[in-house]
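What follows is a set of notes on a single structure, which appears directly below.
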Amino acid sequence: MATLRELAEITGYSIATISRVLNGDSTLKVTESTRTTILEAAGRMSYAGRQSVHKKCAPGEHRKIGIVEMAGARELEKNPYYLYLKGSVEKSCFSNELETFILQYDEKRGSYHCAVPKELDGIIAIGQFQTEKIEAMKKCSPQIVFIDASPFPREFCSVLPDYELGIRLGMDYLIHQGHRKIMFVGPEFTTDAVCRPSPEIRRRIFLDYAASCGTDVEAFLLDTAEAQTEKVMEEVTAYINGLKESDSRPTAFITFNDPTAIGVLQGLQRMGYQAPEDFSILSYNDTALATIMKPQISSICLNIEAMAENAVWLIRRLIEEDYMVPLKISISPSLQIGESVKNISR
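Each number in the numbering used here corresponds to the 1-based position in the sequence shown with 428 added.
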């Protein structure tokens with residue numbers, strides 16, 4: 429993972445500025461271009477150094493791939509996971525000699541367009557999209573691969589993180605470290621593959637896992653209206669302050685994503701608690717945000733580069749083959765052990 433010093437050398441911004449941008453400090457007055465530059469550099473460096481395992485295109489062959497993003501600049505600032513995913517997709521396309529073009533959605537016309545008009549061979553769509561936007565993508569190219577969502581699986585290929593395995597890995601790890609009182613922190617509802625309100629899958633898996641443990645594990649929930657650092661910090665503070673002396677309380681938190689984990693950490697620190705001495709924290713996503721915190725946050729790593737590489741492999745197959753049954757690829761997560769989880773079984 430990138431260090432703050434390395435990011436400062438690459439971007440030309442100070443370590444203090446980079447740290448505050450990555451932490452989502454709303455009091456920092458910088459331009460959107462500055463924030464984007466820092467976040468993109470962090471994303472590129474977080475996944476640098478690994479090699480693509482897929483075969484490159486033939487010499488002289490340069491397929492044109494459109495990239496469509498779900499999130500806008502503000503959403504990316506709050507949760508740069510999708511920005512890192514986009515950077516990894518662009519890196520994998522480059523190593524496979526595929527040209528990439530960012531597609532922008534025109535709300536008035538209900539269509540996608542590219543700043544440099546090109547006839548596209550395929551599209552890689554990152555995130556969740558409403559049905560009308562998916563229909564607009566099809567007009568640019570019928571060859572579409574979705575990452576982090578699987579809309580209309582009988583029609584489109586997709587690459588997804590294995591959320592169930594991720595939560596089970598995380599819970600197994602926390603239980604192995606002696607934790608039996610565990611709280612999930614995150615929203616009760618998010619959106620499904622076509623942007624409809626839907627119960628948050630990680631929350632559901634957490635509850636199912638805890639229920640399967642019977643009385644051995646006590647599950648707690650802190651439902652956050654928004655998975656934003658500042659909001660989570662306020663809600664964690666209110667929760668801890670509202671506990672009575674006799675109340676059962678969690679020893680570990682497992683969070684919806686990295687910004688949520690940072691909110692939990694900062695909320696605890698504001699009240700004088702420390703991680704992992706007083707509470708343990710395990711995050712989900714493992715972006716650069718988790719690595720710059722003190723303590724460094726342990727995370728369930730989604731293996732973003734593997735997601736991007738498989739999406740590129742799928743789009744090349746779609747382009748090169750006359751017919752292909754839509755595939756859904758599930759990417760196994762792994763654990764990135766940091767400093768925020770304490771073994772309390774000793």
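Even glycine gets a Cβ: it sits at the ideal position worked out from N, Cα and C. If you're wondering where the values come from, they're calculated on a predicted model, not measured in any experiment.
If you drop the 5 nearest sequence neighbours on each side, which residues of the same chain put their C-beta closer than 6 angstroms to that of residue i?
i, result
"G598", "I682, L710 and I728"
"V414", "In the structure displayed, the chain extends from 429 to 774; residue 414 sits before or after that span and is not available."
"E527", "H490 and K492"
"D620", "S626"
"A680", "L602, H607, I610 and S708"
"G691", "T657, V660 and M661"
"I759", "P589, N731, A734 and M735"
"L467", "P508 and L511"
"L378", "Residue 378 falls outside the range modelled here, since the chain spans only 429 to 774, and no answer is possible."
"A476", "Because A476 sits at a pLDDT of 43, beneath the cut-off of 50, its placement in the model cannot be relied upon, and the following sentence gives the value as read from the coordinates. If we look at A476 and ignore the five residues flanking it on each side, it has no Cβ neighbours."
"C641", "none"
"E518", "T528"
"P704", "S768, V769 and K770"
Would you report the Cα separation of residue i and residue j, rounded to the nearest angstrom?
i, j, result
"K546", "L755", "27 angstroms"
"V496", "I530", "6 angstroms"
"G538", "K566", "12 angstroms"
"E628", "N713", "15 angstroms"
"K722", "S768", "9 angstroms"
"K689", "D750", "The sequence given here has Ala at residue 689, not Lys. The straight-line gap from Cα to Cα measures roughly 45 angstroms."
"T439", "T465", "7 angstroms"
"K672", "F707", "17 angstroms"
"V449", "Y510", "16 angstroms"
"G684", "A564", "As written in the sequence, residue 684 is Phe, which differs from the Gly given in the question. Cα-Cα distance, rounded: 31 angstroms."
"L548", "C568", "7 angstroms"
"I572", "C623", "18 angstroms"
"G700", "S676", "19 angstroms"
"E560", "M498", "13 angstroms"
"Y533", "I725", "36 angstroms"
"F584", "A577", "10 angstroms"
"F617", "L650", "12 angstroms"
"V613", "V645", "16 angstroms"
"L513", "A639", "33 angstroms"
"L593", "L763", "11 angstroms"
"R744", "Q702", "48 angstroms"
"F580", "F557", "11 angstroms"
"A470", "E535", "30 angstroms"
"H541", "A444", "37 angstroms"
"T462", "T643", "50 angstroms"
So what's residue i in DSSP terms, helix, strand or just coil?
i, result
"T654", "A small correction: the amino acid at residue 654 is Glu; Thr does not occupy that position in the sequence shown. Correct three-state label for E654: coil."
"M611", "strand"
"V496", "strand"
"A621", "coil"
"T462", "helix"
"P678", "coil"
"E646", "strand"
"N731", "coil"
"L710", "strand"
"V777", "Residue 777 cannot be examined here, being either before or after the span of the chain that is shown, 429 to 774."
"S578", "coil"
"V753", "coil"
"L593", "helix"
"S773", "coil"
"L456", "coil"
"L671", "coil"
"S442", "coil"
"Y701", "coil"
"C777", "The structure shown does not extend to residue 777, since the chain is modelled only from 429 to 774, so the question has no answer here."
"G598", "helix"
Going by DSSP, what residues sit across from residue i in a beta bridge?
i, result
"R491", "L526"
"S539", "D534"
"T683", "V613"
"L696", "DSSP output for L696 lists no bridge partner at all."
"V587", "I575 and I757"
"P627", "F617"
"L763", "I728"
Take residue i and list the residues in its own chain whose beta-carbon comes closer than 7 angstroms to its own, dropping the five residues that flank it on each side.
i, result
"Y591", "I629, R630 and I633"
"S447", "L432 and I720"
"S773", "Q605 and G606"
"M752", "R745 and L746"
"G555", "E497, M498, A499, Y510, D576 and A577"
"S520", "S480, A736, E737 and V740"
"S442", "A436"
Can you find the residues in the same chain that come closer than 8 angstroms, C-beta to C-beta, to residue i, ignoring five residues on each side of it along the sequence?
i, result
"N771", "Q605 and G606"
"I747", "R491, D549, G550 and Q571"
"G695", "V660, M661, E662, E663, V664, T665 and I668"
"D636", "none"
"V544", "F529"
"S647", "Note on residue identity: the sequence assigns Ala, not Ser, to residue 647. Counting only Cβ-Cβ distances below 8 angstroms, and skipping sequence neighbours, we find I610, M611, F612, F634, L635, A638 and A639."
"P615", "E628, R631, D651, T652, A653, E654, A655 and F684"
Residue i: beta carbon under 8 angstroms from a heavy atom of the ligand HEM?
i, result
"R448", "Looking at this structure, you won't find the ligand HEM or any other ligand, since it has none at all."
What ranges does the beta strand (DSSP E) occupy inside the segment 548-572, keeping only unbroken runs of at least 3 residues that lie completely in it? 550-554
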